[in-house]
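In my numbering, the protein residues as written are 11 to 530.
Positions of the beta carbon are idealized from the N, C-alpha and C atoms, including for glycine.
Since we're looking at a predicted model, the values are computed, not measured.
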């Protein structure tokens, strides 16, 4: 009997030994994306949490957890206080904050590739992208250089090895000013991802792709494309489409996470590893209220850095340059999908300055409202934060038509390339196929002549093919002017009334009724 009991006990013990993993650990990934230089608590009309607050939460978390802070790009450009330093102010802020990885987003190129590359070398953490290559092959070499490190391997204190690689959307070629990326080429992200997984998977317990790719339906390659076509990625920390994924999205066993934008919240992914294999992964968003409970006080080092930088920029930013009798909105869903008074006002300023037949501005340029009352240099830089200049070109009427068709091609969806015009009116039917929607184009009071030359004023970004306006590339330049904010300030000070007449774009069909209700 005793022998039987002993044998039974031994059998149960063997089963228990087999059931308990030899190695078990947990890793936390804090993540952000599309911060767009919203560094202060209260940016974005009080919605942004602020980098000092995020840093405090991450640092508190790292006291109790094995954790990394990963950022998915569009980080260093967007707010005037940062833009006037060409992104340099982000270096001390982020070095104090304790970020572990970022990737170049399309708007990180807004200061030009050389400036982005310089800043990347000043960070204390790696800037990763496996699919950005220099166009020119260095002398004596057979392969083109990668200006950014493609991956980083982290050997964490709990014994887990994490491989992180970066990817940048090929849309960057036209979603920054194309002149900003003339030195680099964007390689196929799917092929690059496969190469990275093949390299990292054998030696890493967890493989994470940090990418500025997005889930926009209009994007040819999305983060979901990478997940479907490249097995072996445990987590994708994503950005670009400004999408909130509260619990992430599981695609082909890959967990895709994104926080929205402008640091409204902080993302957290918990990955459990047993016997050096991922057994579970869970995503959530830490909202502002919870962040206050985790870390009641903002990080002092980041706060002190912000105070110093703000003092340096206040004098220039607070200079009053104009006055407005009204507020004009820059609500994203308006300026990117239908006629907006702010866009019309800016287009009027362009046409008056350049003295052209037609002028236009794209909704993606308009990032903040024009306030009522005193207007500062900072206000104008917040509205158009990309450092664009005004340019005038000469184009045929046929090109004008192609441009107008492209502008409304994605309605009713949002499109940064949606144009508001001055000197031109038209009607369109969004129920028709893209490219066949526009009719009744008038320049002034005359029907558009496809063979006639017209002068056209707009931002240099569009003239260089931004937002895929390839029909404008190479057009003869007939005038170059100051920055957009300077042009608009001068126009306002010339006595121009703030505001603009509406009705330049007429929507036909079912969408017309919807627009009328929304405008009411």
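* Three-way DSSP call (helix, strand, coil) for residue 76 in this model -> The sequence position of residue 76 within the chain shown is 66, counting from 1. Reduced to three states, the DSSP call for residue 76 is coil.
* To do: Can you check the segment 307-350 for any beta strand (DSSP E) of at least 3 residues that lies completely inside it and give the ranges in chain order?
  => 330-334
* **For residue 159, the residue or residues it bridges with in DSSP** => The sequence position of residue 159 within the chain shown is 149, counting from 1. DSSP output for residue 159 lists 138 as bridge partner(s).
* Asked: Enumerated in chain order, which unbroken segments of the alpha helix (DSSP H) with a length of 4 residues or greater are wholly contained in the segment 452-480?
  -> 470-473
* **Residues near residue 26 in its chain [Cβ-Cβ closer than 6 Å; skip 5 each side]** => Taking the chain shown and counting its residues from 1, the one referred to as residue 26 is at position 16. Low per-residue confidence applies at residue 26: pLDDT is 47, beneath 50, and the placement is therefore not dependable, though the value from the model is reported in the following sentence. For residue 26, where only same-chain residues beyond five positions count, there are no Cβ hits under 6 Å.
* DSSP state of residue 496 mapped onto helix, strand, coil -> By 1-based counting over the chain shown, the position of residue 496 is 486. Residue 496 falls in the helix class under three-state DSSP.
* Helix or strand or just coil, what does DSSP make of residue 10? -> The displayed coordinates of the chain run from 11 to 530. Any statement about residue 10 would go beyond what the structure contains.
* Asked: When you compare only the Cα positions, how much space is there between residue 2 and residue 222?
  -> Outside the displayed range of the chain (11 to 530) lies residue 2, so it cannot be described from this structure.
* To do: Verify whether the separation of the beta carbon atoms of residue 393 and residue 466 is less than 8 Å.
  => Sequence index remark: in the chain shown, residue 393 carries index 383 (1-based). Sequence index remark: in the chain shown, residue 466 carries index 456 (1-based). Their beta carbons are not under 8 Å apart, which means residue 393 does not touch residue 466 by this criterion.
* **the segment 186-198 in contact with the segment 158-171 per 3-pair CB rule at 8 Å** => no
* **Contacting residues, own chain, Cβ-Cβ under 7 Å from residue 261 (five flanking each side not counted)** => Position 251 of the chain shown, counted from the first residue, corresponds to residue 261. Hits under 7 Å: 234, 237 and 238.
* Asked: Nearest-angstrom Cα distance between residue 98 and residue 61?
  -> As a first step, residue 98 is located in the chain shown; it is residue number 88 there, counting from the start. As a first step, residue 61 is located in the chain shown; it is residue number 51 there, counting from the start. Rounded to whole angstroms, residue 98 to residue 61 spans 16 Å at the Cα level.
* Asked: So with Cβ pairs under 8 Å, would you call residue 163 a contact of chain B?
  -> Absence of chain B from the displayed structure is noted, only one protein chain being present.
* Asked: Taking just the CA atoms, how far does residue 244 sit from residue 257?
  -> Start at 1 with the first residue of the chain shown, and residue 257 comes out as number 247. Start at 1 with the first residue of the chain shown, and residue 244 comes out as number 234. Each residue's alpha carbon lies about 15 Å from the other.
* Can you give me the start and stop residues for the beta strand (DSSP E) that residue 54 sits inside? => Walking along the chain shown from the start, residue 54 turns up at place 44. From DSSP, residue 54 is part of no beta strand (DSSP E) but of the alpha helix (DSSP H) over 53-56.
* In three-state terms, what does DSSP make of residue 535? -> The requested residue 535 is not part of the displayed model; the chain covers only 11 to 530.
* Below 8 Å on the Cβ atoms is my guess for residue 399 versus residue 490; work out the distance and round it to an integer in Å. => Within the chain shown, numbered from 1, the residue matching residue 399 stands at position 389. Within the chain shown, numbered from 1, the residue matching residue 490 stands at position 480. Right, the Cβ-Cβ distance comes to about 7 Å (below 8 Å), so this counts as a contact.
* To do: Please list, in chain order, all residues of the same chain as residue 226 whose beta carbon is under 6 Å from its beta carbon, the five residues on each side excluded.
  => Indexing the chain shown from 1 puts residue 226 at position 216. Hits under 6 Å: 251.
* Supposed close pair residue 387, residue 326 - CB separation, criterion 8 Å -> Taking the first residue of the chain shown as position 1, residue 387 is located at position 377. Taking the first residue of the chain shown as position 1, residue 326 is located at position 316. Their Cβ separation, rounded to whole angstroms, is 6 Å, which keeps residue 387 and residue 326 in contact under 8 Å.
* Asked: Just the Cα atoms here: how many angstroms apart are residue 495 and residue 390?
  -> On the chain shown, position 485 is the one that residue 495 refers to. On the chain shown, position 380 is the one that residue 390 refers to. Rounded to the nearest angstrom, the two C-alpha atoms are 5 Å apart.
* To do: My understanding is that residue 45 touches residue 84, with C-beta atoms under 8 Å, so please give their C-beta distance in whole angstroms.
  => The sequence position of residue 45 within the chain shown is 35, counting from 1. The sequence position of residue 84 within the chain shown is 74, counting from 1. The pair is a contact, with the Cβ atoms about 7 Å apart (cut-off 8 Å).
* Identified DSSP bridge partners for residue 95 -> Taking the chain shown and counting its residues from 1, one reaches residue 95 at position 85. Answer by DSSP bridge pairing: none, since residue 95 is not bridged.
* To do: Check residue 405 in the structure and name its three-state DSSP category.
  => Numbered from 1 along the chain shown, position 395 holds the residue referred to as residue 405. DSSP places residue 405 in strand when its eight states are reduced to three.
* Based on Cα-Cα distance, which residue from 502, 189, 182 and 463 lies nearest to residue 116? -> In the chain shown, the residue the question calls residue 116 occupies position 106. It is 182 whose Cα lies nearest to the Cα of residue 116.
* Asked: Should residue 416 be labelled buried (16 or more other beta-carbon atoms within 10 Å of its own) or exposed?
  -> Within the chain shown, numbered from 1, the residue matching residue 416 stands at position 406. Label assigned to residue 416: buried.
* Asked: Can you tell me the Cα-Cα spacing of residue 8 and residue 315, whole angstroms?
  -> Absent from the structure is residue 8, since the part of the chain shown begins at 11 and ends at 530.
* Asked: Taking Cβ to Cβ, would you say residue 160 is nearer than 8 Å to residue 173?
  -> As a working note, residue 160 is residue 150 in the chain shown. As a working note, residue 173 is residue 163 in the chain shown. No, they are not a contact pair.
* How long is the line joining the alpha carbons of residue 523 and residue 344, rounded to whole angstroms? -> The residue labelled residue 523 in the question sits at position 513 within the chain shown. The residue labelled residue 344 in the question sits at position 334 within the chain shown. Confidence in residue 523 is poor, its pLDDT being 47 and thus under 50, which makes the residue's placement unreliable; the coordinate value appears in the next sentence. Looking at the two C-alpha atoms, the distance is approximately 16 Å.
* **Helix, strand or coil at residue 119 according to DSSP, with G and I counted as helix** => Taking the chain shown and counting its residues from 1, one reaches residue 119 at position 109. Note: residue 119 maps to helix in three-state DSSP.
* Count the C-beta pairs between the segment 34-49 and the segment 261-271 that are closer than 8 Å, then say yes if the count reaches three, no if not. => yes
* Check each candidate in 287, 280, 381 and 437 and name the one with the smallest Cα separation from residue 448. => Residue mapping note: residue 448 aligns to position 438 of the chain shown, counting from 1. Comparing Cα positions, the closest option is 437.
* To do: Spatial neighbours of residue 180 within its chain, please: CB distance less than 6 Å, with the 5 preceding and 5 following residues excluded, ordered by chain position.
  => Working through the chain shown from its first residue, we reach residue 180 at position 170. Hits under 6 Å: 196.
* Return the chain-ordered list of same chain residues with a C-beta closer than 8 Å to the C-beta of residue 363, the five sequence neighbours on each side being excluded. => On the chain shown, position 353 is the one that residue 363 refers to. Hits under 8 Å: 400, 467, 491, 497, 500 and 501.
* Asked: With distances taken from CA atoms, which of 381, 357 and 375 is nearest residue 331?
  -> Residue 331 sits at position 321 when you count from the first residue of the chain shown. Comparing Cα-Cα distances from residue 331 to each of 381, 357 and 375, the minimum goes to 381.
* To do: Alpha carbon to alpha carbon, how far is residue 368 from residue 510? Give it in angstroms, no decimals.
  => On the chain shown, position 500 is the one that residue 510 refers to. On the chain shown, position 358 is the one that residue 368 refers to. Using only the alpha carbons, I get a separation of about 15 Å.
* **Limits of the unbroken alpha helix (DSSP H) element including residue 237** => In the chain shown, the residue the question calls residue 237 occupies position 227. Segment 233-239, the alpha helix (DSSP H) holding residue 237.
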